[in-house]
Structures are given as C-alpha cells and as structure tokens.
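Here the structure comes first, spelled out in structure tokens, and everything after it is commentary.
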Amino acid sequence: MTDQVYVTLREDQDKLWNLFHYHKNEMIVTKSGRKMFPKLEYVVRGLTPNKLYAMMLHIEPSDDHRYKFSSGEWVKSGKAEKHREPKKLWHADGVRSGKEWMTNPVCFDRVKITNCAESTNASMIFLHSMHKYTPVMSIYESPSESPFSVPQPSTRLVTSVRLTYTEFIAVTAYQNDAVIKLKIKFNPFAKGFREGSQSDRKRNSPSADDSTTDESSSQVSSPQPKKSRTVSVSPPLMPRILPTMIPPPPAINPLFYSLPYFSHLAATGNFPPVPFQFPFGLPCFSPMSFPTPPPSLKNVKKEEQEDIEQEINVV
1 MTDQVYVTLR EDQDKLWNLF HYHKNEMIVT KSGRKMFPKL EYVVRGLTPN
51 KLYAMMLHIE PSDDHRYKFS SGEWVKSGKA EKHREPKKLW HADGVRSGKE
101 WMTNPVCFDR VKITNCAEST NASMIFLHSM HKYTPVMSIY ESPSESPFSV
151 PQPSTRLVTS VRLTYTEFIA VTAYQNDAVI KLKIKFNPFA KGFREGSQSD
201 RKRNSPSADD STTDESSSQV SSPQPKKSRT VSVSPPLMPR ILPTMIPPPP
251 AINPLFYSLP YFSHLAATGN FPPVPFQFPF GLPCFSPMSF PTPPPSLKNV
301 KKEEQEDIEQ EINVV
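Note that UniProt numbering gives residue 235 to position 235 of the sequence shown, counting from 1, and the numbers run on in steps of one.
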C-alpha cells in the first residue's frame, strides 16, 4: 500500500514564506555560505509509523532565465548560466522511523547557499547569483533495519515536494526595499541592517561573482579628511631582555659563600688544599660546581641603561 504523504511548512514559517513570496523573495549568497531566511521547516503527515525513512533536500532552478532588478521590479535579462546537477543533502538525523519524523518539524537549518563554485563544504549548495530557485524536499523509504544508518542509493523514493511560494532569487545584496524591511522585521539576526541605512546597503546591479553581503556592504558616511600618503617606516626593534626576564640561578648553600673565590684557578688545576674539602655529604651537590660571586647591582643597572639608550636611538 502506497503511503498518502502530505507535506507543508510549519504554520508560522508558512505565513512568512507566503509574505516574502508576494514581494519576490531574495536570498543572500556568499563565498563563505549563508543560511536561508525564512527557514525550511517541513511538517510531514501520512508516513507509516514503524517504517524507516530518510529526508533529502536540493535546490533546483525555477527556469532558464537570468534576472535583474530594474525600476523597482525583477525582470528577465537573458539566458541563465549553465546549471550543474543539483547537490542533494541528506538530513543530519539520517534514517528514522515514520513516527519520529512526524513528531517534530523536519528542519534543514544547517544548509547554506554559496556563490563559490569550488566550495567543498558538505553543507553548502552552490547557486548562481541573479537566478531563480526552488527548494525541493524528497522522502525516501530506507531498507535498513537499523535507525541512524546512512541512507543507501537504493532507497525507494516516496515523494518529492516543491512548494511554489518557497521560490527565491539568489543575490549578493538585497535589491528590493520591501524585502529588506521584511528581513529586518522578522529576522532576529538582521543586525547589520538595523545599524545602517537600507539604501546605503543596496546596489543596483551586483555581478554574479560578487560575494559582498548585506552586512559588509559599504556605508555612506560624512567626508573624512584626506590622510597623508607619506609612510614612516621605522627599523625593526630588537627585543630587549631585562634582568627580571632571566630566570634566577639555582640557590647555593650559604656555606659556600664563606669559601674563597677560586673559580679562576680551574684553568690551572691548582685548587686549594685541605681544609677546603667539598662537602659530598650535602644533597644535590656536585664537586664540579664552583661558587661564583653574585652579579653586581651596579652592572645590572648599567646594562639596563645601555639597552634603553639603544632602543631610543633605533626609534
């Protein structure tokens, strides 16, 4: 028996899509990818509860024309670019029972659209700018007995759904002021438009390869004074090592400071005789470690002053 499957959008999203469709909806495409708004949240009814299904989404061209926005409306401007085979993306939930799919809306909110033909991102779908597209959701029955498995190519197609009011035109910058106002009103992430002027962010004829988004478009601001083109280049500064940056030497037993300073005798081998015996009984002591006088505070200040003077001269 064939499943009598019915697919619509979630009620609030359905109203939004119809509202945007009335003004000819636009979707931003960028090189880094952009999520669609409104969202695609499908409500599915009529699946067999105990059967396994997988959901797939692809976006196909609506026609063979290229468009441009002229005199406040979208008009055809020539033949469309050659379209490649639409990229098909399985829903991230994989294979689930009909009961599970019908419990909650099927949301494809991870899908992004891009104008970068070389993108290898698994969640991105390439679209040509200034072309019209329609999302298509397909439902497949899975032969797998195990839920959450990867759908197989042999999976049987149950139905494909094309909702005409989800049609949109891919753009690199919004063209229609009415669409911009709707995006600002209903999209909580339309921060870029709220902070700037709408007309400043809209361009008349963006190219197909342009990746500028509405949030990164240039803004018109008050004239700024011209800056001098003279560039001052300073020689690179060598890092200055302060005495405080050098780790302190290991602590020396105070007993050794009472011994005569004889490290200069190491080269001749004429070491002091008894009673100057090395205390081998002390822990962590090596007979080759000769006591040396602590650094002079005067020398440290002198070196620091020389470093400061050298830095000033370099600058």
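C-beta atoms are modelled at their ideal positions from N, C-alpha and C, and glycine is treated no differently.
From a predicted model like this one, the values you see are computed outputs, not experimental measurements.
Quiz prompt | residue 84 to residue 78 span [Cα, whole Å] | solution = Residue numbering aside, residue 84 sits at position 84 when the sequence shown is read from its first letter. Residue numbering aside, residue 78 sits at position 78 when the sequence shown is read from its first letter. The alpha-carbon atoms of residue 84 and residue 78 are separated by roughly 18 Å.
Exercise. Please work out which residues of its chain come closer than 7 Å, Cβ to Cβ, to residue 187, disregarding the five sequence neighbours upstream and downstream, and give them in chain order.
Key: Locating residue 187 in the sequence shown gives position 187, where the first residue counts as 1. The residues are 37.
Practice problem: Would you kindly report the start and end of the unbroken alpha helix (DSSP H) that includes residue 179? | Solution: As a position in the sequence shown, residue 179 is number 179, starting the count at 1. Taken as a continuous stretch (DSSP letters only), the alpha helix (DSSP H) holding residue 179 covers 177 to 186.
Quiz item: Is residue 130 near residue 161, with beta carbons less than 7 Å apart?
Solution: Position 130 of the sequence shown, counted from the first residue, corresponds to residue 130. Position 161 of the sequence shown, counted from the first residue, corresponds to residue 161. No, the pair does not count as a contact, with Cβ atoms beyond the cut-off.
Self-check item: Range covered by the beta strand (DSSP E) that runs through residue 63
Solution: In the sequence shown, residue 63 corresponds to position 63, counting from 1. 52 to 70 is the span of the beta strand (DSSP E), which, as asked, contains residue 63.
Exercise. Determine the extent of the beta strand (DSSP E) in which residue 114 is found, giving its start and end residues.
Key: Taking the first residue of the sequence shown as 1, we reach residue 114 at position 114. Run containing residue 114: 112 to 114, per the beta strand (DSSP E) assignment.
Quiz prompt | As assigned by DSSP and simplified to three states, the class of residue 21 | solution = Residue 21 sits at position 21 when you count from the first residue of the sequence shown. Note: residue 21 maps to helix in three-state DSSP.
Practice problem: Locate the alpha helix (DSSP H) running through residue 99, then write down its first and last residues. | Solution: Working through the sequence shown from its first residue, we reach residue 99 at position 99. Element bounds for residue 99: 98 to 103.
Quiz item: To the nearest angstrom, how far is it from the Cα of residue 8 to the Cα of residue 46?
Solution: As a working note, residue 8 is residue 8 in the sequence shown. As a working note, residue 46 is residue 46 in the sequence shown. Using only the alpha carbons, I get a separation of about 12 Å.
Exercise. Take residue 23 and list the residues in its own chain whose beta-carbon comes closer than 8 Å to its own, dropping the five residues that flank it on each side.
Key: Here the question's residue 23 lines up with position 23 in the sequence shown. 176, 178, 179, 182.
Quiz item: Who are the near neighbours of residue 140 in its chain, counting only those whose CB is closer than 7 Å to its CB and skipping five residues on each side?
Solution: Position 140 of the sequence shown holds residue 140. These residues qualify, in order along the chain: 53, 54, 56, 151, 155, 156, 157, 158.
Quiz item: Can you name the residues that DSSP bridges to residue 6?
Solution: The residue labelled residue 6 in the question sits at position 6 within the sequence shown. Paired residue(s): 45.
Self-check item: Status (buried if at least 16 other CB within 10 Å, exposed otherwise) for residue 96
Solution: Counting from one through the sequence shown, the residue named residue 96 turns up at place 96. So residue 96 counts as buried.
Exercise. Pick out whichever of 62, 142, 71 has its Cα sitting closest to the Cα of residue 135.
Key: Within the sequence shown, residue 135 is the residue found at index 135, counting from 1. Checking every option, the nearest Cα to that of residue 135 belongs to 62.
Exercise. Have a look at 74, 165, 127, 144 and flag the residue whose alpha-carbon is nearest the alpha-carbon of residue 28.
Key: In the sequence shown, residue 28 corresponds to position 28, counting from 1. Minimum Cα distance to residue 28 is reached at 127.
Quiz prompt | Residues near residue 33 in its chain [Cβ-Cβ closer than 6 Å; skip 5 each side] | solution = Indexing the sequence shown from 1 puts residue 33 at position 33. Only 112, 114, 124 meet the Cβ criterion.
Quiz item: Roughly how many angstroms lie between the CA atoms of residue 15 and residue 184, to the nearest whole one?
Solution: Here residue 15 corresponds to residue number 15 of the sequence shown, with the count starting at 1. Here residue 184 corresponds to residue number 184 of the sequence shown, with the count starting at 1. Their Cα atoms are separated by approximately 16 Å.
Self-check item: Proximity of residue 122 and residue 110 at Cβ, strictly below 7 Å
Solution: Start at 1 with the first residue of the sequence shown, and residue 122 comes out as number 122. Start at 1 with the first residue of the sequence shown, and residue 110 comes out as number 110. Not a contact, by the Cβ cut-off of 7 Å.
Quiz item: residue 161 CB to nearest chain C CB: under 7 Å?
Solution: Chain labels in this structure do not include chain C; a single protein chain is all it has.
Self-check item: Euclidean distance between Cα positions of residue 118 and residue 169
Solution: The residue labelled residue 118 in the question sits at position 118 within the sequence shown. The residue labelled residue 169 in the question sits at position 169 within the sequence shown. If you take the alpha carbons of residue 118 and residue 169, they lie about 21 Å apart.
Quiz item: Thinking C-beta only, is residue 49 closer than 7 Å to residue 94?
Solution: Position 94 of the sequence shown holds residue 94. Position 49 of the sequence shown holds residue 49. No, they are not a contact pair.
Self-check item: 7 Å Cβ cutoff met for residue 86 and residue 65
Solution: Looking up residue 86 in the sequence shown gives position 86. Looking up residue 65 in the sequence shown gives position 65. No; because the gap between Cβ atoms is not below 7 Å, this pair is not in contact.
Quiz prompt | Cutoff 6 Å; reference residue 80; Cβ partners in own chain excluding five residues on either side | solution = As a first step, residue 80 must be located in the sequence shown, where it is residue number 80. Cβ neighbours of residue 80 beyond the five flanking positions: 64, 65, 66, 131.
Quiz prompt | Where residue 73 falls, given that 16 or more other Cβ within 10 Å makes a residue buried | solution = Within the sequence shown, the letter at position 73 stands for residue 73. Exposed, because fewer than 16 other Cβ atoms sit within 10 Å of the Cβ of residue 73.
Quiz item: For residue 164, which of helix, strand or coil comes out of DSSP?
Solution: Here residue 164 refers to the residue found at position 164 when the sequence shown is read from its first residue. The answer is helix: DSSP assigns residue 164 an H, G or I state.
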